[in-house]
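Engineer: Position one of the sequence shown corresponds to residue 0 (numbering that gives the first Met the number 0), numbered consecutively onward. Quick one: structure below, then a few questions.
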Amino acid sequence: MYDMKALYEAKSVSHACELLIEHPQSQVIAGGSDVLVQMREGKRAGKELVSIYMLDELRGVTLDEDQNIRIGSLTSFSHITHDDIIQKYIPVLGEAVDMVGGPQIRNIGTIGGNTCNGVTSADSASTLFAWDAVVELTGPEGVRRIPISEFYIKAGKVDLRPGEIQTAILIPEKAYKGYFGHYTKYAMRNAMDIATLGCSVNVKLSTDKQTIEDARIAYGVAGPIPMRTKTAEAFVKGKKISKELMKEFGEKVLEDVTPRDSWRASKAFRCHIGEVMAERGLEKAVKRAGGEI
0 MYDMKALYEA KSVSHACELL IEHPQSQVIA GGSDVLVQMR EGKRAGKELV
50 SIYMLDELRG VTLDEDQNIR IGSLTSFSHI THDDIIQKYI PVLGEAVDMV
100 GGPQIRNIGT IGGNTCNGVT SADSASTLFA WDAVVELTGP EGVRRIPISE
150 FYIKAGKVDL RPGEIQTAIL IPEKAYKGYF GHYTKYAMRN AMDIATLGCS
200 VNVKLSTDKQ TIEDARIAYG VAGPIPMRTK TAEAFVKGKK ISKELMKEFG
250 EKVLEDVTPR DSWRASKAFR CHIGEVMAER GLEKAVKRAG GEI
C-alpha cells in the first residue's frame, strides 16, 4: 500500500493547473516510476497527488511548422526510442533513454518525469542539454518556454512555478540539423543502475568532413545538475579532425566538470572516465557524421 492523502485525476492541462493551485502541497504524478517508489520509501508519505497520466495530448513526438521536434512530456522512453522522427533526426536521444532501467520502467516512465525530478543522473538530461533543448511549461499565467539549462536550478530542484506542469520538450531545428551524436553511460549494471557518469556528444562537420564546425558535450553526474563543458566545445570548434584533437578534447573537459566523491565513485575516477568518455564520444560522433580519424 502507498501512504497518500488523496489522488486527483486531471481531465485536461488547465484542470491539472487548477488542481495544483487548489492543493498547493500536492505532487504531480505521471508514470509513477519515481514518485511511487519514493512514496513507498517514506520520502513522500502522506502527499496529495495530481495525476496527469490520462492526458493523451501530452504524448507523442511531432514536427511543428518550424520543423522543431516536439516531444510531449508524457511520452514514454520506449515510445521515444522507437519513434520515426527521433530515429531520423536525433537517434542518440532514443539510445540514451533506452538505457533507463529495465523494459517495464521504460514502458511506464516518461521524459517529463525524468527531467522534472531535477536529478543530475537522468539519462535523458545530458542528452537534452547537448541538443539545446527547450522546456515548455504551462500554468495559470499561460505557456512559457525556457532553455533546459535554465530549467535545472540545483540538485533535485527545477524551475516549476506554482500551478505549472511541464507539457513538452522542444528540440529546435537549428540545434539538430546537420548534427550527429553519441551517448555513453557508465554504470555498474548498465541500464539497471543509476549512471556513475553520463556523457553526450554532438558534432556538426564541415561540408568536406575534415573540420569540426561545431560541437556540444554535456554530462550527467559531473556536477550537481547536468552540465555542458563550454571550454572543450570552444577548443575543438573550427579545428581539423585528428586523433590528437580527440585526446585534447577529453583533457579540456576537466576544466569544467565538478564531480564529487560518493559511495558510487570517487571524484578522481569520475574525472578519469569523463575524459575517456569525451574522447571516445567525439570519435564516434565524428564517424557518425561521416568523418574519418
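From the three backbone atoms N, C-alpha and C, an ideal C-beta is built for every residue, glycine too. Given the structure is predicted, the values throughout are model-derived calculations rather than measurements.
Mark V256 as exposed unless 16 or more other C-beta atoms lie within 10 angstroms of its C-beta, in which case mark it buried.
Structural biologist: By one-based count along the sequence shown, residue 256 stands at place 257. With 16 or more Cβ atoms within 10 Å of its Cβ, V256 is classed as buried.
Engineer: Less than 8 Å between the beta carbons of E140 and T166, yes or no?
Structural biologist: Taking the sequence shown and counting its residues from 1, the one referred to as residue 140 is at position 141. Taking the sequence shown and counting its residues from 1, the one referred to as residue 166 is at position 167. Not a contact, by the Cβ cut-off of 8 Å.
Engineer: Name the residue from L169, K184 and E40 whose alpha carbon lies nearest to the alpha carbon of W130.
Structural biologist: Here residue 130 refers to the residue found at position 131 of the sequence shown. Closest option to W130, Cα to Cα, is L169.
Engineer: Taking the straight line between their C-alpha atoms, what separation do you get for Y151 and K286?
Structural biologist: Here the question's residue 151 lines up with position 152 in the sequence shown. Here the question's residue 286 lines up with position 287 in the sequence shown. So the alpha carbons of these two residues sit roughly 31 Å apart.
Engineer: Is it right to say K10 is buried, meaning 16 or more other beta carbons lie within 10 angstroms of its own, or is it exposed?
Structural biologist: Taking the sequence shown and counting its residues from 1, one reaches residue 10 at position 11. Classification for K10: exposed.
Engineer: Just to confirm the assignment: which complete beta strand (DSSP E) runs, minimum length 3, are found wholly within the stretch 71 to 144?
Structural biologist: 133 to 138
Engineer: Does S261 pass the burial test, meaning 16 or more other C-beta atoms within 10 Å, or should it be called exposed?
Structural biologist: Locating residue 261 in the sequence shown gives position 262, counting from the first residue. When all chains shown are included, S261 counts as exposed.
Engineer: Starting from the C-beta of R58, find all residues in its chain whose C-beta is less than 7 Å away, skip the five residues before and the five after it, and write them out in chain order.
Structural biologist: Your numbering for residue 58 matches position 59 in the sequence shown. The answer, listed in chain order, is G71, L73 and T74.
Engineer: Please go through the same chain and pick out, in chain order, the residues whose beta-carbon is closer than 7 Å to the beta-carbon of D2, but skip the five residues on each side of it.
Structural biologist: Residue mapping note: residue 2 aligns to position 3 of the sequence shown, counting from 1. Result list for D2: M38, A44 and G45, in chain order.
Engineer: Go ahead and label K184 buried or exposed: buried means 16 or more other beta carbons lie within 10 angstroms of its beta carbon, across all protein chains shown.
Structural biologist: Your numbering for residue 184 matches position 185 in the sequence shown. Per the 10 Å Cβ criterion, buried.
Engineer: At which residues does the alpha helix (DSSP H) containing L204 begin and terminate?
Structural biologist: In the sequence shown, residue 204 corresponds to position 205, counting from 1. Careful: L204 lies outside any alpha helix (DSSP H), inside the beta strand (DSSP E) at L196 to L204.
Engineer: Given a cut-off of 8 Å on the beta-carbon distance, is the pair V133 and P146 in contact?
Structural biologist: Taking the first residue of the sequence shown as position 1, residue 133 is located at position 134. Taking the first residue of the sequence shown as position 1, residue 146 is located at position 147. Yes; because the gap between Cβ atoms is below 8 Å, this pair is in contact.
Engineer: How big is the Cα-Cα spacing for F248 and P102?
Structural biologist: Start at 1 with the first residue of the sequence shown, and residue 248 comes out as number 249. Start at 1 with the first residue of the sequence shown, and residue 102 comes out as number 103. Cα atoms of F248 and P102: separation of roughly 35 Å, rounded to the nearest angstrom.
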